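Asks: Numbering-wise (our numbering), the sequence shown opens with residue 3 and increments by one.
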Amino acid sequence: MAFFKSLFKREEPVSSIPPDDFPDLYNGMKAEVLTPANALIFVGRIRLSGASQVDVLGETGGFLPRAVYGQPVKLRCFQRDGDTFTLTGAVGPNDPKFWRIEKLKSLQNSESRSFFRQNIGVEGQIFSDAGQKYSCKVLDISAGGARILSAKLFQLESSFHLEASFLPTEEPFALTCRVKRTTVRAETASPMKKYEYGCQFVDVPPREQERLLQVIFTLQRKVLQARRDQ
Numbered sequence: 003m004a005f006f007k008s009l010f011k012r013e014e015p016v017s018s019i020p021p022d023d024f025p026d027l028y029n030g031m032k033a034e035v036l037t038p039a040n041a042l043i044f045v046g047r048i049r050l051s052g053a054s055q056v057d058v059l060g061e062t063g064g065f066l067p068r069a070v071y072g073q074p075v076k077l078r079c080f081q082r083d084g085d086t087f088t089l090t091g092a093v094g095p096n097d098p099k100f101w102r103i104e105k106l107k108s109l110q111n112s113e114s115r116s117f118f119r120q121n122i123g124v125e126g127q128i129f130s131d132a133g134q135k136y137s138c139k140v141l142d143i144s145a146g147g148a149r150i151l152s153a154k155l156f157q158l159e160s161s162f163h164l165e166a167s168f169l170p171t172e173e174p175f176a177l178t179c180r181v182k183r184t185t186v187r188a189e190t191a192s193p194m195k196k197y198e199y200g201c202q203f204v205d206v207p208p209r210e211q212e213r214l215l216q217v218i219f220t221l222q223r224k225v226l227q228a229r230r231d232q
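1. Give me, in chain order, the residues of the same chain whose beta-carbon lies closer than 6 Å to that of Gly147; leave out the 5 immediate sequence neighbours on both sides.
2. Could you tell me how far apart the beta carbons of Val206 and Ser167 are, in whole angstroms, since I believe they sit closer than 8 Å?
3. Since Arg78 is in the beta strand (DSSP E), which residue starts that stretch and which ends it?
4. Below 8 Å on the Cβ atoms is my guess for Val56 versus Ile48; work out the distance and round it to an integer in Å.
5. What's the C-alpha gap between Ser130 and Val75?
6. Where does Thr171 sit, in a helix, a strand or coil, going by DSSP?
7. Would you list, in sequence order, the uninterrupted beta strand (DSSP E) runs of no fewer than 3 residues that lie entirely inside the region 126-156?
8. Going by DSSP, what residue range makes up the beta strand (DSSP E) through Pro95?
9. Between Ile150, Met31, Ala132, which has its C-alpha nearest Phe219's C-alpha?
10. Where Glu212 and Gln134 are concerned, what is the direct C-alpha to C-alpha distance, given to the nearest angstrom?
11. How should Gly64 be labelled, buried or exposed, when 16 other C-beta atoms within 10 angstroms of its C-beta is the threshold for buried?
12. For Thr171 and Pro38, I'd like the C-alpha separation in whole angstroms.
13. So Thr86 and Arg78 are supposed to be a Cβ contact under 8 Å. How far apart are they, rounded?
14. Along the chain, where does the beta strand (DSSP E) that runs through Glu34 open and close?
15. How about Pro95 and Leu66: are their beta carbons less than 8 Å apart?
Right under this line is the structure:
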């Protein structure tokens, strides 16, 4: 019985960190470990370990980059709804399987809730509310939105539906996008214009939000592996 109780306790927010200072943390929470300058070091999952500290284990269970005791880092944590918050801390005891991040503090500025954007450059399709279909290119994605290039002009705060596959092994996503920013991009030696949209995803089902996060982490791992292989 004690074993099953411990399993349930893993999903509860850590109670040893004051709720006024920190958003909820829980075992298995996805997180990015970053340098103070926001360079990605690795992605992993949180394991609660005590007051003002957590362990971060590699997402795939493989070996982690070598750490220096006391080095400052940022920890960007992904909530179940895809929103994020950022903590600062310092590396404590570590080994090839985990980093302990100690002296955690909440980052109280606009960066605290920003999304990491992953360059992707894949072809997709967008559908207007009237059902018209247009080709597009997804330039980058995050847990909260995407940057999309298309020849079709949409107005600010209007919505369209995006269909695209971000990984060859994944089923295509069908996401509702709301236009938050528009930039006109002129094509070289062509009278045609294209429009770059900064879009926010809206009404994403929890299961699709989790799948989207998993795709982003997979893409990040591939980028990190390519850097290590250079």
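Ideal Cβ positions, reconstructed from N, Cα and C, are used throughout, including at glycine.
Keep in mind the model is a prediction, meaning the values are calculated, not measured.
Replies: Once the coordinates are examined:
1. Excluding positions up to five away in sequence, the list reads Cys201, Gln202, Phe203.
2. For a cut-off of 8 Å, the C-beta gap from Val206 to Ser167 is around 16 Å, too long to register as a contact.
3. 74-80 is the extent of the beta strand (DSSP E) around Arg78.
4. Confirmed, Cβ separation roughly 5 Å.
5. Distance from the CA of Ser130 to the CA of Val75, rounded to the nearest whole angstrom, comes to 43 Å.
6. Residue state, collapsed to three classes: coil.
7. Entirely contained in the region 126-156, the beta strand (DSSP E) runs reaching 3 residues are, in chain order, 135-143, 147-152.
8. First-last of the beta strand (DSSP E) with Pro95: 86-97.
9. The option with the nearest alpha carbon to Phe219 is Met31.
10. So the two alpha carbons sit approximately 29 Å from each other.
11. Exposed is the call here.
12. Thr171 and Pro38: Cα-Cα distance of roughly 33 Å.
13. That pair is a contact at about 6 Å.
14. Its beta strand (DSSP E) spans residues 32-36.
15. Inclusion of Pro95 and Leu66 in the CB contact set at 8 Å is not warranted, their separation being larger than that value.
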